[in-house]
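Protein chains in written order, with our numbering: chain A, 18 to 348; chain B, 18 to 348. Built from N, CA and C at the ideal position, the CB exists for glycine as well.
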């Protein structure tokens, strides 16, 4: 295992120290392992809390800041944060207007966020939850009942973060989050496995001449393996299941071509070009575009495509100023 | 070789198609392989042109936009752009106030930019050149007489891009670029080789238990190889040669911890934390921080540290609004 770490046991503590040193927008609660906005709390603003296992950076800690999340709960690598972490984050960021939990659909995450929400509710915090399940690859998976939550989470956090910044109430924000989640589909693939530091060896074996289509962001099995083809074919295998799953024909869309962590930007651009050509041929209007590493899987080489239907309100909120390490514009 | 490409021959053409589709800030001259700003030209503004071999993205095409470059010449992977490309970019962006060439110190780049500048001069364009040689690792290398130009180039392009946007004249901008270049030092390391698509196999062999200190961004040999250690030791081996080479004690600095392309952000954060601890212990004031993939080496796993002395003018220009795919703030 070749990694720039001090020891597998210290990965999260050391990374949080680095985040704190690198990003002036956030402060870190090292005891509870929560990344919080550094700017003063606005009373009456709905607070957004997300989180999950580490290894998907910049998801979620890199999206804490103005116009996006108020806090991110940082689990061990590929391990759900605990209810206590979620409780600490929720009570810390509540400004009296309630807290929205944005949870990727993995059994442990869902369960622990549910327990954290119950504990916070007992303390008088109004909590709503939206579960993101944008991955069309498989219906159930290693850690999931139903579909997995993957890079589409970034779109939800951006749009609802902007709405909360504008003063949207908790019920409305939860409904908006659900609406964006329901409008978003993703599909990923891997050229290589990732290696969890504590395991010390690749999560799975993928022969030198094969790729896996429909991979999960923890290396969970996808739809199938096949001989490595080219970027045009990979694009087709990611785009077709997305378009088959939801009607994107009569709406503007937000497109995210996402790297899994070890994929060079030059390859993401090649894939992006192929994806755009397919979407144009299918009559899909791409109104906003992102390409880069937004929701990763440690050192996995591979990519995913996320497409979100976006009405005028969603586009406006997507365009609103955001100031985070992972997404920044207008600020 | 596992890459998201269509064929080694089509890598640059396909990537440029993707850049054009992904980035509304730029337009692409596919004939000359130049990435240009899409926004209207401002008469009287000094234009900045950079470029080099591909494989270092977002360097340089990702830095074309308001507040940074006017054009980037896109060579084949790890291959200098031709004089004709440089001529085309230079004449295209000249607004009558002259053009500054920002060139990383590699023999081919320096020679071709010199020829491109001569051709442009013959056509009446006023051209100045600054050569970036920030890498303290080695004095001469595979493709270099003198020191190599690496990630410090990003700092030069940012600061001088802001100055040009404000209306600084060509002579002053060239002098500022030289001053920033002279104030900037970098040092990198690799955990793995990169693989050039046309070669189809890793540029060099690095055993599973070894790392290379002082690596170049094309996989050129560094200072030495040694058994893989930990992030704290790597940080020390990158920071110490930088601090030994230039006095950073009595100035504010800009710190960039840069990923080589296949290094996950969580590892860059761990390294960032270690680098900051060393700089604090050495009494170096870090005024601005960047962490991420800013100047890469295809799919190399590894990282570099760049430190730039920054007076009040340099800090102000660094903070000025920038709107590019690779760096964006205040816009």
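Using 8 Å as the threshold, is the C-beta distance between residue i and residue j below it?
i: residue 239 of chain B; j: residue 167 of chain B; result: no
i: residue 200 of chain A; j: residue 325 of chain A; result: yes
i: residue 295 of chain B; j: residue 251 of chain B; result: no
i: residue 119 of chain B; j: residue 65 of chain B; result: yes
i: residue 182 of chain A; j: residue 77 of chain A; result: no
i: residue 104 of chain B; j: residue 171 of chain B; result: no
i: residue 282 of chain B; j: residue 309 of chain B; result: yes
i: residue 248 of chain A; j: residue 21 of chain B; result: yes
i: residue 177 of chain B; j: residue 117 of chain B; result: yes
i: residue 137 of chain A; j: residue 144 of chain A; result: yes
i: residue 206 of chain B; j: residue 232 of chain B; result: yes
i: residue 50 of chain B; j: residue 102 of chain B; result: yes
i: residue 194 of chain B; j: residue 173 of chain B; result: yes
i: residue 347 of chain B; j: residue 80 of chain B; result: no
i: residue 204 of chain B; j: residue 258 of chain B; result: yes
i: residue 10 of chain B; j: residue 94 of chain B; result: Only positions 18 to 348 of chain B appear in this structure, which leaves residue 10 of chain B out of reach.
i: residue 323 of chain B; j: residue 85 of chain B; result: no
i: residue 169 of chain A; j: residue 113 of chain A; result: no
i: residue 111 of chain A; j: residue 91 of chain A; result: no
i: residue 19 of chain A; j: residue 108 of chain B; result: no
Strictly by DSSP, which residues pair up with residue i?
i: residue 211 of chain A; result: Its beta-bridge partners do not exist; DSSP assigns none.
i: residue 18 of chain A; result: The partner list for residue 18 of chain A (beta bridge, DSSP) is empty, contrary to what the question assumes.
i: residue 219 of chain B; result: B:212
i: residue 244 of chain A; result: A:227
i: residue 83 of chain A; result: A:340
i: residue 46 of chain B; result: B:51
i: residue 204 of chain B; result: B:322
i: residue 64 of chain B; result: B:116
i: residue 345 of chain B; result: B:340
i: residue 89 of chain A; result: A:52, A:67
i: residue 317 of chain B; result: B:278
i: residue 308 of chain A; result: A:274
i: residue 327 of chain A; result: A:269
i: residue 94 of chain A; result: A:71
Chain A partners of residue i, CB-CB under 8 Å?
i: residue 313 of chain B; result: 281, 282
i: residue 28 of chain B; result: 283, 287
i: residue 248 of chain B; result: 21, 22, 23, 31
i: residue 245 of chain B; result: 19
Given that residue i touches chain A, what residues does it touch there, using C-beta distances under 9 Å?
i: residue 306 of chain B; result: 38, 39, 40, 41
i: residue 251 of chain B; result: 21
Determine the chain B residues that contact residue i at a beta-carbon separation under 9 Å, and present them in chain order.
i: residue 127 of chain A; result: Those do not exist, as residue 127 of chain A stays about 23 Å from chain B at its closest Cβ, beyond 9 Å.
i: residue 209 of chain A; result: 19
i: residue 316 of chain A; result: 279, 280, 281, 284, 318
i: residue 225 of chain A; result: 18, 19
i: residue 290 of chain A; result: 31, 32, 33, 34, 35, 36, 37, 38, 39
Just the chain A side, please: which residues come within less than 7 Å of residue i by C-beta, in chain order?
i: residue 72 of chain B; result: 283
i: residue 204 of chain B; result: The premise fails here: residue 204 of chain B is roughly 14 Å from chain A at the closest Cβ pair, so nothing lies under 7 Å.
i: residue 260 of chain B; result: Neighbours of residue 260 of chain B on chain A: none; closest Cβ ~17 Å, over 7 Å.
Strictly below 8 Å CB to CB, what residues from chain B border residue i?
i: residue 310 of chain A; result: 282, 310
i: residue 345 of chain A; result: 345, 346
Give me the chain B residues within the contact set of residue i, using Cβ-Cβ distance strictly less than 7 Å, ordered along the chain.
i: residue 293 of chain A; result: 38
i: residue 75 of chain A; result: 282
*Would you be able to state if there are at least three C-beta pairs under 8 Å between the stretch 63-75 of chain A and the stretch 323-343 of chain B?*
The stretch 323-343 of chain B makes no contact with the stretch 63-75 of chain A: fewer than 3 CB pairs, one atom from each, lie closer than 8 Å.
*List in chain order: all unbroken alpha helix (DSSP H) runs of 4+ residues lying wholly within the stretch 247-306 of chain A.*
Listed in chain order, the complete alpha helix (DSSP H) runs (minimum 4 residues) inside the stretch 247-306 of chain A are 248-262, 282-298.
*Validate contact between the stretch 313-323 of chain B and the stretch 49-57 of chain A using beta carbons, cut 8 Å, 3 pairs*: Output reads no: the stretch 49-57 of chain A does not touch the stretch 313-323 of chain B.
*State whether the stretch 115-135 of chain B contacts the stretch 81-100 of chain B, with contact taken as three or more CB pairs (one from each stretch) at a distance under 8 Å.*
With the cut-off at 8 Å, the stretch 115-135 of chain B and the stretch 81-100 of chain B touch.
*Would you call the stretch 32-39 of chain A and the stretch 280-294 of chain B touching, i.e. three or more CB-CB distances under 8 Å?*
Counting C-beta pairs closer than 8 Å gives three or more between the stretch 32-39 of chain A and the stretch 280-294 of chain B, which meets the contact rule.
_Continuous beta strand (DSSP E) assignments of at least 3 residues falling wholly in the stretch 109-160 of chain A_ = Contiguous beta strand (DSSP E) elements confined to the stretch 109-160 of chain A occur at 116-121, 144-149, taking only those with 3 or more residues.
*Does the pairing of the stretch 159-174 of chain B with the stretch 229-248 of chain B give three or more beta-carbon distances under 8 Å?*
Judged by Cβ distances under 8 Å, the stretch 159-174 of chain B makes contact with the stretch 229-248 of chain B, as three or more pairs qualify.
*For the stretch 259-279 of chain A against the stretch 241-248 of chain A, are there 3 or more C-beta pairs whose distance is under 8 Å?*
Inter-segment contact for the stretch 259-279 of chain A and the stretch 241-248 of chain A is absent: fewer than three beta-carbon pairs are separated by less than 8 Å.
*Is it true that the stretch 185-201 of chain A meets the stretch 212-223 of chain A, where meeting means three or more beta-carbon pairs spaced less than 8 Å apart?*
No, they do not touch.
_Closer than 9 Å between beta carbons: that is the criterion. Which residues of the stretch 134-154 of chain A meet it against chain C?_
Among the chains of the structure shown, chain C does not appear; the protein chains present are A and B.
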